[in-house]
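Protein chains: 2
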Amino acid sequence: MQRLIHEIFQPAFSNVFLNSMQDSAILPALNGRVAFTTDAYVVQPLFFPGGDIGSLAIFGTVNDLAMQGAKPLYLSASFILEEGLPMETLKRIVTSMASAATSCGIQIVCGDTKVVDHGKGDQIFIATTGIGLVPNHVDWGPHRIQPGDCLLVSGDLGAHGIAVLSMREGLNFSGNLRSDAAPLHQVVSALIEEGVTCHCLRDLTRGGLATVLNELAMTSQTGMQVEETRIPISESVRGACEMLGLDPLYVANEGRFVLILPQNQVQTALNILKQHQVSHQAAVIGQVLPLSESRTPFIHLSTPFQTVRILDVLSGEQLPRIC
Amino acid sequence: MQRLIHEIFQPAFSNVFLNSMQDSAILPALNGRVAFTTDAYVVQPLFFPGGDIGSLAIFGTVNDLAMQGAKPLYLSASFILEEGLPMETLKRIVTSMASAATSCGIQIVCGDTKVVDHGKGDQIFIATTGIGLVPNHVDWGPHRIQPGDCLLVSGDLGAHGIAVLSMREGLNFSGNLRSDAAPLHQVVSALIEEGVTCHCLRDLTRGGLATVLNELAMTSQTGMQVEETRIPISESVRGACEMLGLDPLYVANEGRFVLILPQNQVQTALNILKQHQVSHQAAVIGQVLPLSESRTPFIHLSTPFQTVRILDVLSGEQLPRIC
Numbered sequence: 072m073q074r075l076i077h078e079i080f081q082p083a084f085s086n087v088f089l090n091s092m093q094d095s096a097i098l099p100a101l102n103g104r105v106a107f108t109t110d111a112y113v114v115q116p117l118f119f120p121g122g123d124i125g126s127l128a129i130f131g132t133v134n135d136l137a138m139q140g141a142k143p144l145y146l147s148a149s150f151i152l153e154e155g156l157p158m159e160t161l162k163r164i165v166t167s168m169a170s171a172a173t174s175c176g177i178q179i180v181c182g183d184t185k186v187v188d189h190g191k192g193d194q195i196f197i198a199t200t201g202i203g204l205v206p207n208h209v210d211w212g213p214h215r216i217q218p219g220d221c222l223l224v225s226g227d228l229g230a231h232g233i234a235v236l237s238m239r240e241g242l243n244f245s246g247n248l249r250s251d252a253a254p255l256h257q258v259v260s261a262l263i264e265e266g267v268t269c270h271c272l273r274d275l276t277r278g279g280l281a282t283v284l285n286e287l288a289m290t291s292q293t294g295m296q297v298e299e300t301r302i303p304i305s306e307s308v309r310g311a312c313e314m315l316g317l318d319p320l321y322v323a324n325e326g327r328f329v330l331i332l333p334q335n336q337v338q339t340a341l342n343i344l345k346q347h348q349v350s351h352q353a354a355v356i357g358q359v360l361p362l363s364e365s366r367t368p369f370i371h372l373s374t375p376f377q378t379v380r381i382l383d384v385l386s387g388e389q390l391p392r393i394c
Numbered sequence: 072m073q074r075l076i077h078e079i080f081q082p083a084f085s086n087v088f089l090n091s092m093q094d095s096a097i098l099p100a101l102n103g104r105v106a107f108t109t110d111a112y113v114v115q116p117l118f119f120p121g122g123d124i125g126s127l128a129i130f131g132t133v134n135d136l137a138m139q140g141a142k143p144l145y146l147s148a149s150f151i152l153e154e155g156l157p158m159e160t161l162k163r164i165v166t167s168m169a170s171a172a173t174s175c176g177i178q179i180v181c182g183d184t185k186v187v188d189h190g191k192g193d194q195i196f197i198a199t200t201g202i203g204l205v206p207n208h209v210d211w212g213p214h215r216i217q218p219g220d221c222l223l224v225s226g227d228l229g230a231h232g233i234a235v236l237s238m239r240e241g242l243n244f245s246g247n248l249r250s251d252a253a254p255l256h257q258v259v260s261a262l263i264e265e266g267v268t269c270h271c272l273r274d275l276t277r278g279g280l281a282t283v284l285n286e287l288a289m290t291s292q293t294g295m296q297v298e299e300t301r302i303p304i305s306e307s308v309r310g311a312c313e314m315l316g317l318d319p320l321y322v323a324n325e326g327r328f329v330l331i332l333p334q335n336q337v338q339t340a341l342n343i344l345k346q347h348q349v350s351h352q353a354a355v356i357g358q359v360l361p362l363s364e365s366r367t368p369f370i371h372l373s374t375p376f377q378t379v380r381i382l383d384v385l386s387g388e389q390l391p392r393i394c
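Respectively, the protein sequence lines represent chains H and U.
The opening residue of the first sequence carries number 72 in the working numbering; numbering runs sequentially from there.
The opening residue of the second sequence carries number 72 in the working numbering; numbering runs sequentially from there.
This is how it looks when you write it as structure tokens:
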């Protein structure tokens, strides 16, 4: 364990807080509202086109902070290693985490490692917890969603889920299928700096767009109307989904978010989103509606055939261990 | 997953931060130095005399905050569940966590749950991350340790490790073998309130007293002299260790700490420690020495036979999956 810490973790993550090697990292005061979030990562395979469990564990937690408008600052990382995990694999993952953290301007300031016997884990699980600071005037969430608001997605959907699944199942689809895993804090920070009034941001992870919209409609007690043809989905994801019998609207993303904001903010927001590589395919996909008399939140998908399909909540997880 | 959240986690941990069900919990400003710590818990069996993985995941992280003098405030919890884990087991663990958190005056404000396939985990792993506030004048750590300082332990050693091991191996030792798992923040807070000058506190978890003293001697570049007969060890732990061929000084504790402080603070500290149930067996066990000319940090154990044994670092972990 001492060797793991001194030869792998500490050199990779080195910073003044971590290096004190105390029971807790001691951080400076956080003068402002603090965003705090945690996620466990159990993705299989560990390495997939466009990312790995290490970068995912950084970007996923950074994005959960960013969705509240928070500037990501510090991260903790807990590792559960299965006996027999090759040191080379661990090093590759830790190096990827370190480089992802640096690219996000975030520091990994404390950590823990446990080893479980062979057959009692699955190579490596990582839990990361993030701390960020929320700017004073930012207050985003489902409670702000109002009928008349517009729905935007930040880019094409489904690439992460399909990339992981195709790698796991050894499927070889045509096209350049790469995970969309990416940090979103910079584009979010640009929206804040440019003074765009947002009502709610949410990253489209497990369960994809359909699941997230259902959760938001339920919490905000609204309906939502989405136009299918406006939702960006790449040809390769669409093709893979057709072959696998999956609906891309339920497939997980790791670098995409939905943005709900007043109509008069849409053009400014779109201009900013399109200036960032991670969101250059941003599109308006629909709007928020008042509840009908039945008072049941709903997601209506207008199809190209002039019909309306109800996007419901799936009862199970469409794809397991995708993050 | 929605059912898990709404039927098990949310009712048990309910608080205003968690209930917002956002990507991040939004906490009020932390005006003061912030202690931040994380640990993964993989103990087997999940339930043992004196505790379970749930209470351990709370107390362990609370104690890592307390060892820096921090007042514990908020916790995150990430769960990795193995498919097939009975709901009743999960409920028992979550209930135990909730009650442990309440007893520590700490709130579980955000969380995450992942499910892995049967055979790819071991029932349940929990990672908790804690946030606390460090009082202005508190600055504890190995950098403060000085020759002449006294070494105290807060109570009898080895009960946690032996309790878990005996449960796991189906051993039936005589005596009331219960884990010492307990929160330490209250007694630490009393030391601060009474104005005791401490130099370093460290909880005696993995590797026990011997490992922790070695780490502290190494970091502070000192030697340490410990008198074996002064170290409190219960008869039942001593007996079990003899039968198992274990050295209790290397066995893990989850509610014990070492306290290093100037000689003139010892009596006040002991009085306070003895007033708290969790530390009523506190004892002075030795002192910090300057390095000899060889400049190699050391731990010397004076035995009842007037000999001196060197307490070295173990090369492996004495007992796996004890926390």
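Glycine is no exception: its CB is placed at the ideal position from the N, C-alpha and C atoms.
Drop a sphere of 10 angstroms on the beta-carbon of Leu242/U, count the other beta-carbons inside from all chains shown, and report buried for 16 or more, exposed for fewer.
Leu242/U comes out exposed.
Under the rule that 16 or more other beta-carbon atoms within 10 Å means buried, what is His208/U, buried or exposed?
Exposed.
If we define contact as Cβ-Cβ less than 9 Å, is Tyr112/U a contact residue for chain H?
Output row for Tyr112/U: interface = yes.
Quick one: using the 10 Å Cβ neighbour count with 16 as the cut-off for buried, is Met158/H buried or exposed?
Classification of Met158/H: exposed, given that the 10 Å Cβ count is below 16.
In the structure shown, what three-state DSSP assignment does Gly357/H receive?
Reduced to three states, the DSSP call for Gly357/H is strand.
Looking at C-beta atoms only, is the number of pairs between the segment 294 to 303 of chain H and the segment 364 to 375 of chain H that lie closer than 8 Å three or more?
The segment 294 to 303 of chain H vs the segment 364 to 375 of chain H: in contact.
Tell me, please, which residues DSSP counts as bridged to Tyr145/U.
DSSP, once it has assigned bridges, lists Gln178/U and Ile202/U as partnering Tyr145/U.
Which of the residues in the segment 88 to 112 of chain H, read from start to end, lie with their CB under 9 Å from any CB of chain U?
The residues in question are Phe88, Ser91, Met92, Gln93, Asp94, Ser95, Ala96, Ile97, Leu98, Pro99, Ala100, Leu101, Asn102, Gly103, Arg104, Val105, Ala106, Phe107, Thr108, Thr109, Asp110, Ala111 and Tyr112.
Run the CB neighbour count on Gln178/H, radius 10 Å, all protein chains shown included, and call it buried at 16 or more, exposed below.
Buried, since its Cβ has 16 or more Cβ neighbours within 10 Å.
Quick one: give me the first and last residue of the beta strand (DSSP E) that Glu298/U is part of.
Run containing Glu298/U: Gly294 to Glu298, per the beta strand (DSSP E) assignment.
What residues in its chain sit with their C-beta under 7 Å from that of Asn340/U, if we drop five residues either side in the sequence?
The amino acid occupying residue 340/U in the given sequence is Ala; Asn does not appear at that position. Once the five neighbours on either side are set aside, the close Cβ partners of Ala340/U are Leu223, Leu262, Val267, Leu330 and Leu332.
How would you call Asn68/H, buried or exposed, if buried means at least 16 neighbouring beta carbons within 10 angstroms?
Residue coverage of chain H in this structure runs from 72 to 394, which leaves residue 68/H outside it and unanswerable.
Kindly examine the ligand NAP and report whether one of its heavy atoms sits closer than 8 Å to the Cβ of Ala83/U.
Looking for the ligand NAP in the displayed structure turns up nothing, as the structure carries no ligands at all.
Using a threshold of 9 Å, state whether the C-beta atoms of Met138/U and Leu228/U are closer than that.
No, the pair does not count as a contact, with Cβ atoms beyond the cut-off.
Provide the residue(s) that pair with Asp183/U in DSSP beta bridges, ordered along the chain.
Ser149/U.
Let's see if you can read the secondary structure: which residues bound the beta strand (DSSP E) around Ser373/H?
Segment Phe369 to Ser373, the beta strand (DSSP E) holding Ser373/H.
Between the beta-carbon of Val349/U and the beta-carbon of Ala288/U, is there less than 9 Å?
No, Cβ-Cβ distance for Val349/U and Ala288/U is not below 9 Å.
For Asp135/H, which residues in chain U fall below 8 Å Cβ to Cβ?
Residues of chain U passing the Cβ test: Asp94 and Ser95.
If you measure beta-carbon to beta-carbon, which residues of the segment 189 to 209 of chain U are closer than 8 Å to chain A?
Absent from the structure: chain A. Protein chains present are H and U.
Taking Arg273/H as the query, report the chain U residues whose CB atoms sit under 9 Å from its CB, ordered along the chain.
Chain U residues near Arg273/H: Gln93 and Asp94.
What does Lys185/H touch in chain U if you count any residue whose Cβ is under 7 Å from its own?
Residues of chain U passing the Cβ test: Ala111 and Val113.
By Cβ distance below 6 Å, which residues in the same chain neighbour Ser30/H in space, the five residues on each side in sequence not counted?
A question about residue 30/H goes unanswered here, because the residues of chain H that appear run from 72 up to 394.
Leaving out the 5 sequence neighbours to the left and right, which residues in its chain are closer than 6 Å to Gly232/H when beta-carbon positions are compared?
Cβ within range, chain order: Val322, Ala323, Leu390 and Ile393.
Can you pull the chain H neighbours of Met138/U, defined as C-beta to C-beta under 8 Å?
Residues of chain H passing the Cβ test: Gln93, Asp94 and Ser95.
For Gln73/H and chain U, any beta-carbon pair shorter than 9 Å?
True, the Cβ-Cβ gap to chain U drops below 9 Å.
Are Lys185/H and Val186/U closer than 9 Å when you measure CB to CB?
Cβ distance not < 9 Å, so Lys185/H and Val186/U don't count as in contact.
Please go through the same chain and pick out, in chain order, the residues whose beta-carbon is closer than 7 Å to the beta-carbon of Lys345/U, but skip the five residues on each side of it.
Once the five neighbours on either side are set aside, the close Cβ partners of Lys345/U are His351 and Ala353.
Quick one: residues in its chain with C-beta nearer than 7 Å to the C-beta of Gly122/U, no 5 flanking neighbours on either side, listed in chain order?
Result list for Gly122/U: Ser250 and Ala252, in chain order.
Starting from the Cα of Ala328/H, find the closest Cα among Ser307/H, Leu360/H and Arg277/H and give me that residue.
Correcting the residue identity first, residue 328/H is Phe in this sequence and not Ala. The residue with the shortest Cα to Cα distance from Phe328/H is Arg277/H.
Does DSSP put Cys312/U in a helix, in a strand, or in coil?
It is helical.
So, Ile62/H versus Glu153/H, is the Cβ gap smaller than 9 Å?
Residue numbering for chain H in the displayed model covers 72 to 394; residue 62/H lies beyond these limits and cannot be assessed.
Taking the C-alpha atoms as reference points, what is the distance between Asp193/H and Leu136/U?
Answer to the nearest angstrom: the Cα atoms are 30 Å apart.
Does any CB atom of chain H fall closer than 9 Å to the CB of Gly226/U?
So, not an interface residue.
Only counting the same chain, and skipping five residues up and downstream in sequence, which positions put a Cβ closer than 6 Å to that of Thr109/U?
Hits under 6 Å: Thr200.
Ile381/H lies in the beta strand (DSSP E); which residues open and close that run?
Note, Ile381/H: beta strand (DSSP E), Val379 to Ile381.
If we define contact as Cβ-Cβ less than 9 Å, is Ile304/U a contact residue for chain H?
Not one chain H Cβ lies under 9 Å of Ile304/U.
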